[in-house]
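Numbering-wise (the numbering used here), the sequence shown opens with residue 65 and increments by one.
Ideal Cβ placement from N, Cα and C applies to all residues, glycine included.
The model shown is predicted, which means the values in this text are computed figures rather than measured ones.
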Amino acid sequence: MLDCNGVGYEVNIPKSTQLKLPELDEPATLQTHLHVRPESHSLYGFLTAAERDMFRILINISNIGPSHALNILSELNLSELAACVRYEDPKPLERVPRIGKATAAKLLIELANKIDQIDTAEAQDGHSEALVSDYRSEAVEALVVMGFSPREARNAVAQIHESAKTTEQAIRQALSLLGSVGP
């Protein structure tokens, strides 16, 4: 709920935005998109214009509605999404709730010509390398199977030391980082 000069607005936001919002009653600025349908008007909010623009691109793909787009942006930041498209790697998309193999493949095709329209550097947070390396991707998959969320797994694998050169080493280092967190 966003209070704007005494008027409350319900704003749907991705998890990534929720984690970065200031404390309750602190001012916040969101880039918004009003989605109008005959039965409802829904407001979606994002920390950056680039995230909002990617949301708009996603909802213009057939069979990708606002909830799918929000799920995608909750699980993958713009850099990770761009890396998926650039390297034609559907696996991170397949881990998004309600996105299967066929939809992930379709998204890669649809986004191939559109990803350059978005300034992915605006939302860069340094985690895209986890998508590029095979052993790191395998480590992320293994951590997800162990019960960690895809975001937790990607973040842990992104923080592992460069000395990890195999999937097993990457998993061990990521588990030590996640040790106190636990699934």
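| Item | Value |
| --- | --- |
| Alpha-carbon spacing of SER131 relative to ILE77, whole angstroms | 10 Å |
| Span of the alpha helix (DSSP H) around PHE119 | 113-123 |
| DSSP state of LEU140 mapped onto helix, strand, coil | coil |
| Residues bridged to THR230 [DSSP beta-bridge criterion] | THR230 is not bridged to any residue. |
| Beta carbon of THR231 nearer than 7 Å to that of GLU205 | no |
| Contact check, GLY109 vs LEU94, beta carbons under 7 Å | yes |
| The ligand ADP heavy atom lying under 6 Å from the CB of GLU87 | Looking for the ligand ADP in the displayed structure turns up nothing, as the structure carries no ligands at all. |
| Buried versus exposed call for PRO161 [16 or more other C-beta atoms within 10 Å across all chains shown] | exposed |
| Among ALA176, LYS229 and GLU90, nearest to VAL149 - alpha-carbon criterion | ALA176 |
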